[in-house]
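Trainee: Just so you know, we're using the numbering used here here: the sequence shown kicks off at 4 and counts up by one.
Have a look at this one.
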Amino acid sequence: MSVTFFLQKNDTRGETITQHRSGDPLLCPVVAWIAVVIRVRSYPGTCQTTPVNVFQNSEGKLQLLRASDMLLQLRLAVVIHGTQRLGFEPSDLGTHSIRSGAAMAMYLNNIPVHTIMMIGRWSSVAFLRYIRKQLQEFSHGVTRRMLLTEQFYSILDHATLEDSGTSGHHNNFTGCGLISGGSGTPLAQAPAFALHY
């Protein structure tokens with residue numbers, strides 16, 4: 004399914020975003036978009052060029068859904084489900100909550116940043132400001148993954164005795180006789196051999 008945004012807040016025109024089926028019967032962009040198109044086309048007087056943010060009000064007239072209407076519905080959902088259950092107040096939500104929530108879900112599932120930017124139509128890494136850094140899930144597995152790389156080296160052109168990469172530095176094992184091959188000169192050396200398992 005491809006959706007073309009003819010005009011956006013950042014003045015980008017004609018940007019097309021493609022989404023595929025998720026496989027979930029409810030949380031699927033393709034299923035949701037089909038439902039939107041069917042709903043809009045069911046209103047009398049609509050056609051192929053009718054905006055998708057249109058709805059039929061209680062008087063049977065077509066009306067555009069505004070950002071303020073969406074915000075009201077989001078905050079009402081918090082009231083219905085309860086702040087105790089959700090962990091936040093209605094006033095904590097804004098219209099950006101939908102986009103930042105989607106960005107958060109992608110980020111937590113290891114989707115690359117550039118993909119998040121394209122799908123979310125972020126023109127820069129500004130979306131990172133909307134992702135809640137304090138969430139516990141961000142650090143999940145980080146420590147375990149840090150241990151996957153046991154050794155790494157900084158390759159420098161020149162080094163002084165203050166550089167830990169220099170032979171003879173107290174934090175460099177080549178200066179302690181534990182690793183052979185140290186040159187004894189104040190030049191950083193690339194490892195001649197490294198074994199990883």
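Backbone N, C-alpha and C fix where the C-beta goes; we use that ideal spot for every residue, glycine too.
Taking Cβ to Cβ, would you say PHE58 is nearer than 7 Å to LEU74?
Mentor: No.
Trainee: Cα-Cα, which of ASN112, PHE8, GLY85, HIS99 is closest to GLY144?
Mentor: Considering only alpha carbons, the answer is ASN112.
Trainee: Can you tell me which of GLY48, PHE9, THR21 puts its alpha carbon nearest to the alpha carbon of THR118?
Mentor: THR21
Trainee: Of the residues VAL81, VAL43, ARG124, which one's Cα is nearest the Cα of LEU65?
Mentor: VAL43
Trainee: Under a three-way DSSP split, which group does LEU150 fall into?
Mentor: coil
Trainee: Can you tell me which of TYR46, ARG16, ARG24, ARG88 puts its alpha carbon nearest to the alpha carbon of ASN60?
Mentor: TYR46
Trainee: Counting C-beta neighbours from all protein chains within 10 Å, is the total for MET121 16 or more, i.e. buried, or is it exposed?
Mentor: exposed
Trainee: Just to confirm my understanding: we take ALA70, look at its own chain, exclude 5 residues before and 5 after, and list those with CB closer than 6 Å. What are they?
Mentor: THR98
Trainee: Between which two residues does the alpha helix (DSSP H) containing VAL39 stretch?
Mentor: 32-45
Trainee: Would you mind reading off the limits of the alpha helix (DSSP H) that contains SER100?
Mentor: 99-111
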